[in-house]
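*Asks:*
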Amino acid sequence: MRIAILLRDHCQPKKCNAECRNYCPKVRTGIETVVMGEDDRPIISEELCAGCGICVNKCPFEAIKIIGLPAEIENEIVHQYGKNGFRIYRLPVPKTGMVTGILGPNGIGKTTSIRLLSGEEVPNFGNYDDPPSREEVLERLSGSELGDYMGQVYAGNVRVALKPQYVDKLPAVVKGVVRDLLSRVAERLTVDEAAALLDLSEVIDRPLDKLSGGELQRVAIAASLMKDADIYFFDEPSSYLDIYQRIRVARLIQDLAKEKYVVVIEHDLAILDFMADNAYLVYGSEGAYGVFAQPRQVRTAINTYLDGYMREENIRFRDTAIRFESHPPRDDVAMVPLMEFGNLECDYKNFKLEVEGGAINIGESVGVVGPNAIGKTTFVKMLAGVEEPTRGQLDKNVKVSYKPQYIAPDFGGTVRELFMNTAHDFFQSGFFESEIAHPLGLRRLYEKNVMNLSGGELQRVAISLCLSVDADIYLMDEPSAYLDSNQRMETAKTIRRVMEKKGRSALIVDHDIYFLDMVSDSMMVFDGHPGVSGKAGGPYEMREGMNMFLEQIDVTFRRDNETNRPRINKPNSRLDREQKGRGEYYYST
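Reminder that position 92 of the sequence shown reads as 91 in numbering that gives the first Met the number 0, one-by-one numbering, no gaps.
(1) Which of the three DSSP states is assigned to S182 in this structure?
(2) What did DSSP end up calling M334 once you bin it into helix, strand or coil?
(3) Return the chain-ordered list of same chain residues with a C-beta closer than 7 Å to the C-beta of R178, the five sequence neighbours on each side being excluded.
(4) Since F291 sits in a beta bridge, which residues does DSSP pair it with?
(5) Given this structure, state the Cα-to-Cα distance separating L466 from M498, to the nearest angstrom.
(6) Would you tell me roughly how many angstroms separate the C-alpha atoms of V354 and A535, rounded to the nearest one?
(7) Pick out whichever of T376, A278, R487 has its Cα sitting closest to the Cα of V524.
(8) So, I87 versus K162, is the Cβ gap smaller than 7 Å?
(9) Determine whether the beta carbon atoms of T562 and L180 lie at a separation below 7 Å.
(10) Three Cβ pairs or more, each shorter than 8 Å: is that satisfied between the stretch 85 to 104 and the stretch 45 to 57?
(11) Give the DSSP bridge partners of A505, in chain order.
(12) Between the Cα of E186 and those of L169, K209, F426, A160, spot the shortest distance and give me the residue it belongs to.
(13) Between S132 and V121, what straight-line distance do the alpha-carbon atoms span, to the nearest angstrom?
(14) Alpha carbon to alpha carbon, what distance is there between I113 and D234?
(15) If you compare alpha carbons, which of D241, E201, L255 is closest to S223?
(16) Using a 10 Å radius around the Cβ and a threshold of 16 neighbouring Cβ atoms, would you call K402 buried or exposed?
(17) Ends of the beta strand (DSSP E) at R542?
(18) Using CA coordinates, which residue listed in S284, E144, F378 is at the minimum distance from T95?
(19) Which of the three DSSP states is assigned to G411 in this structure?
(20) So if DSSP puts K162 in a beta bridge, which residue, or which two residues, is it bridged to?
(21) If you follow the alpha helix (DSSP H) that K603 is part of, which residue opens it and which one closes it?
(22) Between which residues of its own chain and V26 is the CB-CB distance below 8 Å, once the five residues before and five after are set aside?
(23) Three-state secondary structure (DSSP) at P327?
(24) If you pair each beta-carbon of the stretch 63 to 82 with each one of the stretch 253 to 267, do three or more pairs fall below 8 Å?
(25) Taking the beta carbon of H510 as the centre, do at least 16 other beta carbons fall within 10 Å, making it buried, or is it exposed?
(26) Residues bridged to I448 by DSSP?
(27) Pull up the distance between the alpha-carbon of Q404 and that of E61, whole angstroms please.
(28) Could you tell me whether the stretch 260 to 271 touches the stretch 234 to 248, using the rule of 3 or more Cβ pairs below 8 Å?
(29) Considering only C-alpha positions, which residue in the set R566, Y473, G530, L464 is nearest to D516?
(30) Taking the straight line between their C-alpha atoms, what separation do you get for R315 and G307?
(31) By Cβ distance, which residues of its chain are closer than 7 Å to R415, with the 5 residues on each side in sequence left out?
(32) Judging by CA-CA distance, which residue of Y585, G175, F124, E119 is the nearest neighbour of V152?
(33) Is the beta carbon of A383 sitting closer than 7 Å to the one on L474?
(34) Does D511 come out as helix, strand or coil in the three-state DSSP assignment?
(35) What residue range does the beta strand (DSSP E) around A320 cover?
(36) Buried or exposed: which applies to D469, given that a residue is buried once 16 or more other Cβ atoms fall within 10 Å of its Cβ?
Here is the structure:
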């Protein structure tokens, strides 16, 4: 079975010579395998296509994908978006009494599956020209567990609550203050109860367009939890949240699942592992297709995802496995300081940050952890020279490359032109192509306009630009934001590999424990009263720093026996009690 996909946002017919049609062997023999549509974009016949791949390689904008799929899933197509459009195979089935997780890369149908399961969109089973009615969908699915569930949804017997993916768009849809929004959905919980559960008391009377990303996320989660629904969908609930808030939200979702259907899409693997009972892996190709595999127990699902190979289905969906390593203790004798700093202070009108003196060594990657609004970004800005400390001095002779937390695209050209303008020589080098562009998947972004990039695409471009600058230390504020699980792992490995090969240092602020575990040699720990005062210490040896941090949030980690990845222990489990008794919150062995 062969499918042909046209990525319409990549196709630029005014800038090419129709290579897809002109180089097609069958077109040259008179067979109309590729014809040009009314909008001058190609229409590819999947029945006539020989699968030679010439059009894929000749397209200057990488807008075409020709993919061979197992014949047995041909009849399991659930939805397709037009000719040569994205398609999704199979759907997850929610189960009451448990949290059902969905795990997979961006752009392969996870959010689409939620729209289909919630009844917002009706499956067409590939008949995009003549889509079936809801009655015909139920007839097609009759006798299956999914059919029974969809019958309840279409009959109106199941109320749905959906926490959307892009909470930053909430102020454009809903006007007014937080209290007004929550009052309209107060069913299971009162406004005051929801505000207390999600720490919203300080922003309850603030306009939505004045909230930060983390505050908007908590408002959206609160609004979903307050509804008296039968099934709850949470699309990426950990985005913008710090680790404290992620743990709190995970526990709230677990409590909800004791009596309701709950489905969660999540890219933070540590949180998904802690929160979900079982998980559906989704594999496929971004913008082309997605296939839902059979559900697995969440530990097995995550291990399979990291391995990149599903043994039961005999399908490999990633070229190499992702492995975690226990970091050996640093050889402090061999460490040469790159940047030393004494005690620093930064005073604002309503916030004060104190930083204990420390040093960042040559070749060292320092992870930075702590709650939101505690001064982490302020410290990074001081190192970058964007802000000056109120008291204390920093080394001004160290060359710095800085990727800020919030990225605002302000370049009018393409991604290729951006790199040519800012890092021409390095962009042309083989090192950039092999060590940065290839693992971060930049090639398919080169011809896209910077202003039109999605959040994840913009993040990968910003990280690459930061690494392209010749600097002594690379400062990155939340580089995992907007990235899916696979992109996070690849980004962590890329940062670490570039630091090792270039002999440079890095300081990385993030909330994803897996990401920090892969990228960090040591840790800086921030503590205090969010929004009022913060205090930072370190860098500490990795194990010491993580122990300090995890003790603050009362969570213990262990290593998975198969993959060596960190796993959160269940609260009050035997391992949780034993590790807390020894003061070992983080296992690095």
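Glycine residues also receive a C-beta, built at the ideal position from the N, C-alpha and C atoms.
*Replies:* Result, derived from the coordinates:
(1) In the three-state reduction of the DSSP assignment, S182 falls in the helix class, which pools H, G and I.
(2) Correct three-state label for M334: coil.
(3) Excluding the 5 residues flanking it on each side, R178 has same chain C-beta neighbours closer than 7 Å at V190, I203, D204, in chain order.
(4) In the DSSP assignment, F291 forms a beta bridge with V281.
(5) When rounded, the distance between both Cα atoms is 9 Å.
(6) The alpha-carbon atoms of V354 and A535 are separated by roughly 5 Å.
(7) Of all alpha-carbon atoms in T376, A278, R487, the one lying nearest the alpha-carbon of V524 is that of T376.
(8) No. Outside cutoff.
(9) No.
(10) No, the stretch 85 to 104 is not in contact with the stretch 45 to 57.
(11) S364, Y473, per the DSSP bridge assignment.
(12) It is A160 whose Cα lies nearest to the Cα of E186.
(13) Roughly 8 Å between the two C-alpha positions.
(14) Cα to Cα, D234 sits roughly 8 Å from I113.
(15) Checking every option, the nearest Cα to that of S223 belongs to L255.
(16) Using a 10 angstroms sphere on the CB of K402, the tally of other CB atoms reaches 16 or more, which defines it as buried.
(17) Not the beta strand (DSSP E): R542 falls in the alpha helix (DSSP H), residues 541 to 552.
(18) Ranking S284, E144, F378 by Cα distance to T95 puts E144 first.
(19) Correct three-state label for G411: coil.
(20) DSSP output for K162 lists F233 as bridge partner(s).
(21) Residue 603 lies beyond the residue range present for the chain, which begins at 0 and ends at 588; the question has no answer from this structure.
(22) Non-local C-beta neighbours of V26 in its own chain, meaning closer than 8 Å and more than five positions away in sequence, comprise R20, T32, V33, ordered along the chain.
(23) Note that P327 has pLDDT 47, beneath the 50 cutoff, so the model's placement of it is unreliable and the number below is only indicative. Note: P327 maps to coil in three-state DSSP.
(24) With a cut-off of 8 Å, the stretch 253 to 267 and the stretch 63 to 82 do not count as touching, because too few Cβ pairs lie within range.
(25) Residue environment: H510 is assigned as buried (16 or more neighbouring CB atoms within 10 Å of its CB, all protein chains considered).
(26) Before going on, a small fix: residue 448 reads as Asn here, not Ile. N448 is bridged to T413.
(27) If I take the Cα positions, the gap works out to 30 Å.
(28) With the rule of 3 Cβ pairs closer than 8 Å, the stretch 260 to 271 counts as touching the stretch 234 to 248.
(29) Answer by Cα proximity: R566.
(30) CA-to-CA, the gap between R315 and G307 works out to about 6 Å.
(31) Answer for R415: Y445, E446, listed in chain order.
(32) Taking only the C-alpha atoms, the option nearest V152 is E119.
(33) Yes, Cβ-Cβ distance for A383 and L474 is below 7 Å.
(34) Here D511 carries a coil assignment [DSSP, helix/strand/coil].
(35) Per DSSP, A320 belongs to no beta strand (DSSP E) and is neither H nor E.
(36) By the 10 Å Cβ count, D469 comes out exposed.
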